[in-house]
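J.: The listed protein sequences correspond, in order, to chains A and B.
If you count the first sequence from 1, you need to add 7 to reach our numbering.
If you count the second sequence from 1, you need to add 268 to reach our numbering.
In this text, a Cβ means the ideal position worked out from N, Cα and C, and glycines have one as well.
All of these numbers come straight from a predicted model, not from anything done at the bench.
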Amino acid sequence: MKIHIKNGRLVDPKNGLDGVQDVFIAAGKIIAIGTPPDGFHANRVLDADSCVVCPGFVDLSVRLREPGFEYKATLESEMNAAVAGGVTSFACPPDTDPPLDEPGLVEMLKYRAKNLNQAHVYPIGALTQGLRGELLTEMTELNDAGCVVFGQPDGMLSNLRILMQAMRYASTFGFAVWLRPQEINLTNHGVAHDGEVATRLGLPAVPVCAETIALSNIILLAQETGVRVHICRVSSAEGIRMIRVAKQRGLPITCDVTINHMHLSDMDIGFFDSNCHMMPPLRSSSDREAIRSSLQDGTVDAICSDHAPVDEDAKLLPFGQAEMGATGVELLLPLTLKWGLEMQLPLIDVLAKITYQPAQILGVDAGHVSVGSAADLCVFDPEDYWQVTPAALLSQGKNTPFLGMELPSVVKYTLVNGHVVYDRYT
Amino acid sequence: MINKNPQLNNNGVLQHLLTMEGLPAPVLRNILDTAESFVGVTERDVKKIPLLRGKSIFNLFFEPSTRTRTTFEIAAKRLSADVFNLNIAVSAQTKGETLLDTVDNLSAMNADMFVVRHAQSGAAHLIANHVQSDIHVINAGDGRHAHPTQALLDMFTIRRYKREFHNLRVAIVGDILHSRVARSQIHALTTLGVPEVRVIAPKTLLPSMVERLGVRVYNDMAKGLKDIDVLMMLRLQKERMQAANLPSSEEYFKHYGLTPEKLALARPDAIVMHPGPMNRGVEIDSVVADGKQSVILPQVTFGIAVRMAVMSILASNQV
């Protein structure tokens, strides 16, 4: 299959490209940019007039809910949702049931995902067996099966010695460790940021120090062990400040934020909107401003959707009992662009946060448009708008605080390995 | 999602009573004035009036309660409504039925009004957002969030004894952090124009940024009680020692228990209130609880009139 994408504005942050240039694809790879190779005859021409052509997006957290939670979502539904959002590579956390702590499970997930022939799935291996924080997993076996990084998504290990050992072991083989900073004793049964809103609504509160104390432990252990650490879902201004200092000291630390936390604050809970129940909790508006500006100054490396489809019944409960999480993979591009528009940033800098920068964190060759590389691309209309409604979302999860909002950009085509895996017109 | 005030209908008329927050002062005054007219009824030989005849009121108590449930039941019966008490804690929910399924089933039995108590903050809001527009929801206490009829009966009591709100200093003493009563009292007092509301508690029993609710924070009871006209004591739950909020009830009583000596620091005509049930010797000394400045039993009596007022106002506010 030879594809010619014509008349589009090619934007590739990694290679510094931003201009109207055609892209030529053959045998799953990009074979030329600008002028066609000699004798190139396209089987299909995609007209990208007034559209942006860019690398397919890389999302650092997409929950597929398989294995174990198929009633919430299935591989098929969420893979469809991902490519509809222009996402061509993503990492999925190991908090499935059973957790991704055995090579067989990881191989099965990779195999099933591969057969769907859509986005590239990168499972995050469990750092400890059963994610119980007691025994290490067979990281090299998991790596052979397809895990590129290792994580502990439910917050910190309670036993710091085990965490230090896990970090040392991972660094032996050059694996990165992904952690969401959360001191579980301080989170306790909290469901909302410890501030005026939680006080008004009488919601059990999560103090900022639940994040920063865990973060301080992680940073000190990273320094001790030399492991490459990725901080997932940082939510507070103080947490970001600590990461900035650690980076300035030269520690190999990266971090991401979610599309929810860069746009929302605890005020959006309103009268107990359970779609705003998430962990880490939506924090104060000053935390949100810190997230937005530190994305710009580079302290925060990547934006992720933290996609977590929840079935409807699990949200029709009082706020504290409602399951946390929000659907998001289809909102990654629109909400990233919305941030860029509001901050008046060049498109090329905005797209870096969801293309090559997350790809580098994940350690995979993706997120750029280069001759010879896999043709993973997204074509979107930046001037168009759409309304977030349950019907407009392909994900099985319809729960998001952004329901009803109009968001910028409409994806027209998504290509993975040179195949059109999403076409808005069919 | 657009979060409109779920207590008011599109015409700004009270549809549900969920929280004191966001309700205009005239709405509160109207409830208090209506309650005045019912106090007489509760003192008559024949204590029934036919305002809610033929209406079905369901007491949905997902959390154990005796006093609040009973006063709601008495209030509904005095208005001639049919009252059904459901003790959900030992019924449908333990069989796996969800909160909203329970509500749907009762709605299908032609309920006109739900009186809801639930351990989770926001439960009454959830139900109010879910029911058909001709059903009214009264929050009888949700988690730590709100207990609006308790606050209204407290306001009624204050008005009875002090006449005006605009010249008062009011102190709320005790476990503000976990108290839905305190939150509702604060909103009601500030809405009705009390110029100075204080909260008095150790730091472990105060929620963050509580001053944003419009109160002054005191950790020292002696300072906090100076020039106070109304003292509102809160119940201290035994669990607070387990969760390390406090070392012991004895030490709590030493610093925050209301004794005659501490009461003497307030104004000589100060009144003492308590939402009940009281822990004598923990938050309040028996001498004070039974003393001449205590209005704790009148609070209970007025609670019936206030709940009658809320029910009759909601029932007459049809869309």
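If we ignore side chains and look at the alpha-carbon of each, how far apart do Ala382(A) and Val399(B) end up?
T.: Translated into the one-based positions of the first sequence, residue 382(A) becomes position 375. Translated into the one-based positions of the second sequence, residue 399(B) becomes position 131. Answer to the nearest angstrom: the Cα atoms are 52 Å apart.
J.: Hey, how far is the Cα of Ser300(A) from the Cα of Ala221(A)?
T.: For this step, residue 300(A) is matched to residue 293 along the first sequence. For this step, residue 221(A) is matched to residue 214 along the first sequence. Roughly 23 Å separates the two Cα atoms.
J.: Just how far apart, CA to CA, sit Asp357(A) and Phe382(B)?
T.: Looking up residue 357(A) in the first sequence gives position 350. Looking up residue 382(B) in the second sequence gives position 114. Before going on, a small fix: residue 357(A) reads as Val here, not Asp. Going from the Cα of Val357(A) to the Cα of Phe382(B) covers about 51 Å.
J.: Quick one, which of Leu473(B), His455(B), Gln561(B) has its alpha-carbon nearest Leu526(B)'s?
T.: Walking along the second sequence from the start, residue 526(B) turns up at place 258. With distances taken between Cα atoms, Leu526(B) lies closest to Gln561(B).
J.: Of the residues Gly409(B), Asp422(B), His446(B), Asn353(B), which one's Cα is nearest the Cα of Met541(B)?
T.: Counting from 1 along the second sequence, the entry for residue 541(B) is found at position 273. Minimum Cα distance to Met541(B) is reached at Asp422(B).
J.: Within 10 angstroms of its Cβ, does Met377(B) collect 16 or more other Cβ (buried), or is it exposed?
T.: Working through the second sequence from its first residue, we reach residue 377(B) at position 109. Its Cβ having fewer than 16 others within 10 Å, Met377(B) is exposed.
J.: Should Arg312(B) be labelled buried (16 or more other beta-carbon atoms within 10 Å of its own) or exposed?
T.: Taking the second sequence and counting its residues from 1, the one referred to as residue 312(B) is at position 44. When all chains shown are included, Arg312(B) counts as exposed.
J.: Measuring straight from C-alpha to C-alpha, what distance separates Gly280(B) and Ser402(A)?
T.: By one-based count along the second sequence, residue 280(B) stands at place 12. By one-based count along the first sequence, residue 402(A) stands at place 395. Answer to the nearest angstrom: the Cα atoms are 37 Å apart.
J.: In angstroms, rounded to a whole number, what distance separates the CA positions of Gly332(A) and Ser281(A)?
T.: Residue numbering aside, residue 332(A) sits at position 325 when the first sequence is read from its first letter. Residue numbering aside, residue 281(A) sits at position 274 when the first sequence is read from its first letter. Distance between the alpha carbons of Gly332(A) and Ser281(A) is about 9 Å.
J.: Can you give the Cα-Cα distance for Glu337(A) and Thr343(A), rounded to whole angstroms?
T.: By one-based count along the first sequence, residue 337(A) stands at place 330. By one-based count along the first sequence, residue 343(A) stands at place 336. Near 11 Å, if we compare the C-alpha coordinates of Thr343(A) and Glu337(A).
J.: Helix or strand or just coil, what does DSSP make of Met115(A)?
T.: In the first sequence, counting from the first residue as 1, residue 115(A) sits at position 108. DSSP places Met115(A) in helix when its eight states are reduced to three.
J.: Hey, out of Leu286(B), Leu282(B), Leu502(B), Leu276(B), whose CA is closest to Gly390(B)'s CA?
T.: Residue 390(B) sits at position 122 when you count from the first residue of the second sequence. Considering only alpha carbons, the answer is Leu286(B).
J.: What did DSSP end up calling Ile270(B) once you bin it into helix, strand or coil?
T.: Translated into the one-based positions of the second sequence, residue 270(B) becomes position 2. Residue confidence for Ile270(B) is low, a pLDDT of 44 falling below 50, so the modelled location carries little weight; the figure read from the coordinates is stated next. Coil.
J.: Excluding sequence positions up to five away, which residues of its chain have a Cβ less than 7 Å from the Cβ of Leu276(B)?
T.: Sequence index remark: in the second sequence, residue 276(B) carries index 8 (1-based). Answer for Leu276(B): Leu282, Gln283, listed in chain order.
J.: Three Cβ pairs or more, each shorter than 8 Å: is that satisfied between the segment 195–205 of chain A and the segment 472–486 of chain B?
T.: Yes: the two stretches touch, three or more of their Cβ pairs being nearer than 8 Å.
J.: Which whole-angstrom value describes the C-beta separation of Tyr129(A) and Ala98(A), a residue pair presumed to lie in contact below a C-beta threshold of 8 Å?
T.: The count along the first sequence starts at 1 and reaches residue 129(A) at position 122. The count along the first sequence starts at 1 and reaches residue 98(A) at position 91. Rounded, the Cβ-Cβ distance is 5 Å, consistent with contact.
J.: Classify Leu142(A) as buried or exposed, calling it buried when 16 or more other Cβ atoms lie within 10 Å of its own Cβ.
T.: Start at 1 with the first residue of the first sequence, and residue 142(A) comes out as number 135. So Leu142(A) counts as exposed.
J.: Strictly below 8 Å CB to CB, what residues from chain B border Leu208(A)?
T.: Along the first sequence, read from residue 1 onward, the residue named residue 208(A) stands at position 201. By Cβ distance, chain B contributes Ser389, Gly390, His413.
J.: Using only the alpha-carbon positions, how far apart do Arg484(B) and Arg466(B) sit?
T.: On the second sequence, position 216 is the one that residue 484(B) refers to. On the second sequence, position 198 is the one that residue 466(B) refers to. Taking the straight line joining both Cα atoms gives about 5 Å.
J.: Quick check on Gln255(A): buried or exposed, where buried means 16 or more other Cβ atoms within 10 Å of its Cβ?
T.: For the purposes of this step, residue 255(A) is taken as residue 248 along the first sequence, with counting starting at 1. Classification of Gln255(A): exposed, given that the 10 Å Cβ count is below 16.
J.: Would you please state the rounded distance, in angstroms, between the beta carbons of Val258(B) and Ile403(B)? I believe it to be under 8 Å.
T.: The structure shown does not extend to residue 258(B), since chain B is modelled only from 269 to 587, so the question has no answer here.
J.: Go ahead and pull the three-state DSSP assignment for Leu384(A).
T.: To locate residue 384(A), count along the first sequence from 1; it is residue 377. Leu384(A): strand per DSSP, three-state reduction.
J.: Can you pull the chain A neighbours of Pro332(B), defined as C-beta to C-beta under 9 Å?
T.: Position 64 of the second sequence, counted from the start, is the residue given in the question as residue 332(B). Correct list: empty, because the minimum Cβ distance to chain A is about 17 Å.
J.: Which residues of chain A have a Cβ atom closer than 7 Å to the Cβ of Pro274(B), listed in chain order?
T.: In the second sequence, counting from the first residue as 1, residue 274(B) sits at position 6. Result: Phe278.
J.: Take Glu331(B) and list the residues in its own chain whose beta-carbon comes closer than 8 Å to its own, dropping the five residues that flank it on each side.
T.: The residue given as residue 331(B) occupies position 63 in the second sequence. Same-chain partners within the cutoff: Ala357, Arg385, His386, Ala387, Gly409.
J.: Which residues of chain A have a Cβ atom closer than 7 Å to the Cβ of His393(B), listed in chain order?
T.: Within the second sequence, the letter at position 125 stands for residue 393(B). Residues of chain A passing the Cβ test: Phe278, Phe279.
J.: Alpha carbon to alpha carbon, what distance is there between Phe329(B) and Thr569(B)?
T.: Looking up residue 569(B) in the second sequence gives position 301. Looking up residue 329(B) in the second sequence gives position 61. Computed Cα separation, rounded: 21 Å.
J.: Following the continuous alpha helix (DSSP H) through Ile325(B), name the residue where it begins and the one where it ends.
T.: As a working mapping, residue 325(B) is identified with position 57 in the second sequence. Element bounds for Ile325(B): not the alpha helix (DSSP H) but the beta strand (DSSP E), 324–329.
J.: Is it right to say Ser554(B) is buried, meaning 16 or more other beta carbons lie within 10 angstroms of its own, or is it exposed?
T.: Taking the second sequence and counting its residues from 1, the one referred to as residue 554(B) is at position 286. Exposed is the call here.
J.: Any C-beta of chain A within less than 7 Å: which residues of the segment 371–385 of chain B qualify?
T.: Those would be none; no residue qualifies.
J.: Does the distance from the CB of Leu134(A) to the CB of Pro110(A) come in under 7 Å?
T.: Here residue 134(A) refers to the residue found at position 127 of the first sequence. Here residue 110(A) refers to the residue found at position 103 of the first sequence. No, they are not a contact pair.
J.: Below 6 Å CB to CB, which residues in the same chain sit around Leu400(A) once its five sequence neighbours on both sides are set aside?
T.: The residue labelled residue 400(A) in the question sits at position 393 within the first sequence. Hits under 6 Å: Glu337.
J.: For chain B, is any of its Cβ atoms less than 7 Å away from the one on Asp273(A)?
T.: Within the first sequence, numbered from 1, the residue matching residue 273(A) stands at position 266. It does not; no Cβ of chain B falls within 7 Å.
J.: Output needed for Thr458(B): all residues of its chain with C-beta closer than 7 Å, excluding positions within five of it in sequence on either side, in chain order.
T.: Taking the second sequence and counting its residues from 1, the one referred to as residue 458(B) is at position 190. For Thr458(B), where only same-chain residues beyond five positions count, the Cβ hits under 7 Å are Val465, Gly482.
J.: Which residue marks the beginning of the beta strand (DSSP E) containing Ser499(A), and which one marks its end?
T.: No answer is possible for residue 499(A): the residues shown for chain A start at 8 and end at 433.
J.: Below 9 Å on C-beta distance, what does Asp201(A) contact in chain B?
T.: Translated into positions along the first sequence, residue 201(A) becomes position 194. Here the neighbours are Pro475, Ser476, Met477.
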